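Heads up, the thing below is written out as structure tokens.
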Amino acid sequence: MMVRLLILCPLLALFVPALPAQTEVRALAEKADTYYNHLQSLQAHFTESYRGGGLERQESGTLLLKRPGKMRWEYTKPKDKLFVTNGKQAWFYVPGERQARLTRLKDAGDLRSPLAYLLGKTRLEKQFDALSLAPDLRPEQPGNVMLRGVPRFLPQVSLVLFEIAPQGRIARLVVEQEDGATVEYRFSQAEENVAIADSQFRFSPPSGVEVITEPTGD
């Protein structure tokens, strides 16, 4: 019996430290869920940075979120463009171009899609596998915590990193793609529960603009 205990104790010690960490992960994920599931709307400034294939670019604009699952990404720098969804359909349009793209949100495969769930009824742990703390990564703001996970519904994405503020708000989102490219979103100047008209999440193509309807995954 003593021999068995001597063998088992070191093995048990390998698992015991993981328990508090997993508890902290669950608590952090639940804090984010609670923060967004109690919001009706959110307006914030965003900066999007892309690095991959020897290219780098940075864009910025205004993000509007509204329950349930509505998003409007209005880019203003370095040029205007629009990504908008009513929670079911998603439009992408660059002013001045002759075409606009239309697809179902669930078929869009868009890197912005992980944020659509934020003002819906869901949980981080249902959207991401292998959620864990990322103590090896330093948050940009003191007091924030880094979390990593693998999205279940974006096969082209290998990893998502979240920087979560104390109240549960996501301050930064880093998306690592399978091809090695990285897209980083930073959010600032957040305003909660602002009045946002539903018309902000509808899009009507300008006259003369051709609508390209992308195939569904059915």
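Going by my numbering, the sequence shown opens with residue 24, and the numbers climb by one from there.
Note that the Cβ used here is the ideal one computed from N, Cα and C, for glycine as well.
For clarity, every value in this text was computed on a predicted model and none was experimentally measured.
- With distances taken between CA atoms, Arg161 lies nearest to Arg171 out of Arg171, Arg80, Lys102.
- When the Cα atoms are used, His61 and Gly92 turn out to be separated by approximately 13 Å.
- Taken atom to atom, the span from the alpha-carbon of Val183 to that of Leu154 is near 10 Å.
- In the DSSP annotation of this structure, the continuous segment of the alpha helix (DSSP H) that includes Glu148 starts and ends at 147 to 150.
- Trp96 and Thr57 have their C-alpha atoms some 23 Å from each other.
- In the three-state reduction of the DSSP assignment, Val48 falls in the helix class, which pools H, G and I.
- Comparing alpha-carbon positions, the option among Thr85, Pro189, Val48 lying closest to Gly166 turns out to be Pro189.
- The beta carbon of Phe115 is closer than 6 Å to those of Phe106, Arg124 in its chain, skipping five residues each way along the sequence.
- Burial state of Phe210 is buried, judged by a 10 Å Cβ sphere holding 16 or more other Cβ atoms.
- The C-alpha of Asp202 is placed about 11 Å away from the C-alpha of Pro178.
- Rounded to the nearest angstrom, the gap between the Cα atoms of Tyr73 and Pro174 is 19 Å.
- For a cut-off of 8 Å, the C-beta gap from Ala50 to Ile187 is around 11 Å, too long to register as a contact.
- In the assembly as shown, Ile193 is a buried residue. Its beta-carbon has 16 or more other beta-carbons within 10 Å.
- Its Cα nearest to that of Pro118, the residue Ser230 stands out among Ser230, Glu47, Ile219.
- Ranked by how close their Cα comes to the Cα of Glu237, the residues Asp221, Val197, Gln122, Lys89 have Gln122 in first place.
- At a Cβ-Cβ threshold of 8 Å, Gln164 and His68 do not count as neighbours.
- Where Pro174 is concerned, the enclosing beta strand (DSSP E) starts and stops at 168 to 174.
- Val198 and Val234 have their C-alpha atoms some 29 Å from each other.
- Contact annotation: Thr70 and Gln63 have beta-carbon atoms that are not nearer than 8 Å.
- Under the DSSP assignment, Leu184 falls in the beta strand (DSSP E) whose first and last residues are 180 to 187.
- Separation of Gln150 and Phe176 (C-alpha to C-alpha, rounded to the nearest whole angstrom) is 7 Å.
- The straight-line gap separating the alpha-carbon atoms of Val168 and Ser181 is approximately 20 Å.
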